[in-house]
Amino acid sequence: PGCVDGGAGPDTAELTQSCPLSLLPSCLPLTALFCNLPAETLMDSTTATAELGWTVHPPSGWEEVSGYDENMNTIRTYQVCNVFESSQNNWLRTKYIRRRGAHRIHVEMKFSVRDCSSIPNVPGSCKETFNLYYYESDFDSATKAFPSWMENPWAKVDTIAADESFSQVDLGGRVMKINTEVRSFGPVSKNGFYLAFQDYGGCMSLIAVRVFYRKCPRVIQNGAVFQETLSGAESTSLVAARGSCIPNAEEVDVPIKLYCNGDGEWLVPIGRCMCKAGYESVENGTVCRGCPSGTFKASQGDEGCAHCPINSRTTSEGATNCVCRNGYYRADSDPLDMPCTTIPSAPQAVISSVNETSLMLEWTPPRDSGGREDLVYNIICKSCGSGRGACTRCGDNVQFSPRQLGLTEPRIYISDLLAHTQYTFEIQAVNGVTDQSPFSPQFASVNITTNQAAPSAVSIMHQVSRTVDSITLSWSQPDQPNGVILDYELQYYEKDLSEFNATAVKSPTNTMTVQNLKAGTIYVFQVRARTVAGYGRYSGKMYFQTMTEAEYQTSVQEKLPLIIGSPAPGRVFATARRARSAMAGREGQEGIRDRNGLPHREIVRAGHLTPGMKIYIDPFTYEDPNEAVREFAKEIDISCVKIEQVIGAGEFGEVCSGHLKLPGKREIFVAIKTLKAGYTEKQRRDFLSEASIMGQFDHPNVIHLEGVVTKSAPVMIITEFMENGSLDSFLRQNDGQFTVIQLVGMLRGIAAGMKYLADMNYVHRDLAARNILVNSNLVCKVSDFGLSRFLEDDSSDPTYTSALGGKIPIRWTAPEAIQYRKFTSASDAWSYGIVMWEVMSYGERPYWDMTNQDV
């Protein structure tokens with residue numbers, strides 16, 4: 001009854017045909033031969049309504065005959081049967097067939113063959129086979145004599161043999177045996193071709209010939225559309241076809257491909273498309289439909305749309321998230337399928353217990369947590385003085401244990417309050433969406449008044465002067481005197497003796513000279529303050545040593561020339577300082593490079609302390625700072641720099657990443673510091689001074705300067721790129737992920753870089769984990785050689801504070817540098833000790849939550 005072409009498309013026809021043949025007394029049904037594979041027909045002899053008109057050679061060979069099918073449609077066939085004549089060479093050539101882009105051609109032949117043995121007296125030259133040939137041409141050029149009727153120039157496809165032959169005509173109407181064979185050839189490249197059938201002594205009938213090519217049909221697979229694709233030139237060829245995502249789908253893996261094989265079948269899918277956020281896959285993956293109202297889909301994928309979580313809704317179809325209803329919120333870290341939540345109610349049942357200047361607060365959790373489990377508490381402390389005026393926030397002196405913000409338990413201990421002072425404490429209940437709400441957190445409050453308390457401990461003590469038998473000391477007033485200081489009590493004893501041997505003396509002021517001490521002896525000193533409430537705690541132990549006789553004599557001899565040896569003592573002192581600086585090694589660093597003092601050009605221009613030893617030269621000693629930039633930093637043409645991404649902000653402008661391609665060198669990844677527009681000349685000088693410093697260093701553990709851009713805008717400093725950023729952040733992000741050996745290896749690298757800097761007589765002054773950069777191989781490099789923060793006194797950065805003027809990183813700085821601004825390589829070594837602690841603790845803050853004053 002015919003068949004439907006397997007996926008070839010709507011233009012495929014069902015064929016039901018029958019062929020009465022002049023050779024046969026019966027009617028043979030003919031159907032489409034390849035019903036299971038998609039194909040495009042180039043020529044079909046069964047559809048001809050008139051003579052085929054194919055060319056025969058010689059005229060006595062093939063003969064065109066006709067018959068009728070059951071619908072009385074004419075069917076044209078060719079037959080030949082000259083078996084009793086010797087040396088047969090009968091050719092039959094089709095008309096010109098255009099290939100229409102096909103690379104490989106298939107020929108379907110339906111034929112019948114008479115068994116030679118069934119023919120009486122047949123000669124030995126009788127054949128039961130024939131040959132199939134093709135000839136390519138760009139246009140219809142054939143004549144009766146061209147192409148020649150011989151194998152060359154024709155290309156032979158195959159010799160065709162019958163699977164079954166008939167021996168005689170069955171007058172009883174038996175259906176004869178019809179053979180069907182398919183042959184293919186290629187690749188074909190010209191516009192068209194001819195087919196030829198060669199009989200060389202057989203008795204046969206060529207019933208039907210169909211010429212076609214294979215193609216893979218248009219299909220939707222893996223979320224992508226693949227258009228109709230012709231098969232390849234060889235039977236084993238795989239033709240790649242690129243797919244395009246269906247509407248509202250996105251590529252997941254690229255490229256998206258299918259391969260069309262020689263039989264017109266799709267094989268080997270590669271890559272896929274998925275419905276994008278807000279759309280779900282329907283109709284067997286052929287359509288991406290927008291999520292209906294009330295549902296959403298947050299990300300690309302195969303999953304379907306989900307219903308909006310509680311307290312949320314959508315505003316349109318194709319939603320990627322659900323919007324929270326009024327009064328409900330979603331935290332930045334909340335997943336989109338989590339219900340929207342609200343802020344908690346206030347804490348309940350606050351209980352306070354005052355003990356002099358300390359306080360214990362306890363409460364019960366809020367009645368409503370807002371539907372979340374991340375509830376914490378903040379404590380707001382307000383001091384209301386003696387009841388006069390408005391309340392103000394408490395100062396840094398008040399201590400909260402375990403902490404003031406983010407409490408997970410409903411209790412807190414507060415100490416170091418002022419005596420006889422009224423306080424108000426607000427206990428806020430907050431959760432992950434409190435910041436999203438336009439309303440202030442709900443809180444419970446309590447008012448308390450502290451009792452009388454003794455003064456707090458003295459925080460620090462200084463040595464003013466010393467002799468062989470006396471030491472003069474001074475100290476600061478306690479942070480919390482809690483009243484009027486009546487006097488101080490100082491106790492002291494020899495370091496090698498017990499504390500029970502201490503001597504106590506009183507002083508009405510915070511300065512005192514202790515007499516009758518032993519020469520060259522170390523003493524332990526402690527001091528405490530007294531008010532009407534009694535004595536406070538003793539300060540920490542401080543160690544001071546009296547002079548030896550030799551030290552005392554030496555100090556006197558050193559002072560005499562300065563006092564009596566010159567009518568101009570200031571000039572003598574300045575000359576002595578220059579001389580000492582010129583002779584100095586590492587101990588003379590401050591003379592060579594005093595960031596806050598006068599420049600000594602006659603020293604730094606020498607360039608070396610000893611032959612072969614390179615010494616650091618302070619760029620601020622140059623009369624023209626641009627000269628230092630030209631001397632120590634290479635100028636780079638702006639065309640060699642490609643800025644790609646802003647990765648941070650520095651003091652002078654943006655910090656970017658990008659690539660540097662210098663002529664004759666490979667392209668490298670770099671960090672780029674830029675100077676913001678509208679800069680002053682001083683800002684430009686300070687900005688480029690860091691390059692003048694870095695350009696003098698060459699060590700694997702010191703950040704490497706590639707060069708500067710000063711002749712174009714913006715002005716840039718270009719350094720090597722450190723993929724893992726600053727050491728403190730890197731350690732905090734990877735808490736507990738390294739072995740001790742790896743951590744010590746990082747410290748060894750930092751130490752190597754600092755030793756190199758110290759050997760060059762460079763004092764860093766700001767060595768800290770935040771100023772160490774880490775590359776992808778965990779190599780640590782010293783960085784941040786800027787000077788500006790030490791020259792500005794109005795910085796708001798709490799890291800840098802000092803009572804002496806200027807800004808100092810207190811937690812990393814040695815005591816002599818804090819007290820006297822005496823910076824040397826030895827003070828850098830102190831800072832390195834703090835860095836060791838930072839590394840081994842994975843970036844903890846030094847001294848934890850202690851104030852800078854306590855540190």
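Residue numbers (UniProt numbering): 1 to 855.
Glycine included, every Cβ here is placed at the ideal spot set by N, Cα and C.
Predicted model, so just to flag it, every value in this text is computed and none were measured.
When only Cα atoms are considered, Val839 and Gly327 end up about 45 Å apart. Contact between Thr546 and Val468 holds, with the beta-carbon distance rounding to 6 Å and staying under 8 Å. Shown here for Lys634: same chain residues with a beta carbon closer than 6 Å to its own, the five before and five after excluded, namely Gly707 in chain order. Under the rule that a run must span 3 or more residues, the beta strand (DSSP E) segments found entirely inside the region 690-725 read 705-709 and 716-720. Judged by pairs of C-beta atoms under 8 Å, the region 177-187 touches the region 103-111, as three or more such pairs exist. Beta-bridge analysis with DSSP links Leu230 to Lys215.
Distance from the CA of Ile178 to the CA of Gly232, rounded to the nearest whole angstrom, comes to 31 Å. In this structure, the alpha-carbon of Thr129 lies about 16 Å from that of Glu85. The Cβ neighbour count for Phe226, taken over all protein chains shown within 10 Å, is at least 16; the residue is labelled buried.
For Trp848, the three-state secondary structure derived from DSSP is coil. Rounded to the nearest angstrom, the Cβ distance from Leu473 to Gln480 is 21 Å, too far for a contact under 8 Å.
For Val779, the three-state secondary structure derived from DSSP is coil.
Residues His699, Asn701, Val702, Lys781 and Val782 of the same chain have their beta carbon placed closer than 7 Å to that of Gly753, with the five preceding and five following residues left out of the count.
Annotated three-state conformation of Ser148 is coil, per DSSP.
Our two residues, Gly406 and Asn516, have alpha carbons roughly 55 Å apart in a direct line. No Cβ-Cβ contact shorter than 8 Å links Gly695 with Leu675. In the DSSP annotation of this structure, the continuous segment of the beta strand (DSSP E) that includes Phe130 starts and ends at Thr129 to Ser137. Ranked by Cα distance from Asp374, the first of Ile380, Ala453, Lys382 and Pro365 is Pro365.
No Cβ-Cβ contact shorter than 8 Å links Gly192 with Arg93.
Cβ atoms of Ala419 and Gly483 come within 8 Å of each other, at about 7 Å.
A Cβ-Cβ distance of about 7 Å is found for the pair Tyr488 and Lys506, placing them in contact under the 8 Å criterion. Between the alpha carbons of Tyr329 and Ser345 lies a gap of roughly 15 Å. In this structure the region 664-684 does not touch the region 745-762; the number of beta carbon pairs closer than 8 Å is below three. Around the beta-carbon of Ile717, 16 or more other beta-carbon atoms lie within 10 Å, marking it buried.
When the Cα atoms are used, Asn734 and Tyr842 turn out to be separated by approximately 8 Å. Spanning the alpha carbons of Phe721 and Cys640 requires a straight line of approximately 16 Å. Assignment of beta-bridge partners to Cys260 by DSSP yields Val239 and Trp266. Comparing alpha-carbon positions, the option among Asn89, Asp759 and Glu723 lying closest to Val779 turns out to be Glu723.
In this structure, the straight-line span from the alpha carbon of Ser87 to that of Met150 is close to 14 Å. In the DSSP assignment, Asp487 falls within the beta strand (DSSP E) that extends over Asp487 to Glu494.
The beta carbon of Gly318 sits closer than 7 Å to those of Gly278, Tyr279, Gly290 and Cys291, all from its chain and outside the five residues before and after it, given in chain order. Three or more Cβ pairs drawn from the region 441-449 and the region 344-359 lie within less than 8 Å of each other, which places the two stretches in contact. Counting other Cβ atoms within 10 Å of its Cβ, Gln645 stays below 16 and is therefore classed as exposed.
Gln198 is the residue among Gln198, Ser117 and Val655 whose C-alpha sits nearest the C-alpha of Tyr134.
Residue burial annotation: Thr74 is exposed, with fewer than 16 other C-beta atoms found within 10 angstroms of its C-beta. If you ignore the 5 residues before and after Gln399, its C-beta comes within less than 8 Å of the C-beta of Ile414, Ser415 and Asp416, all in its own chain and listed in chain order.
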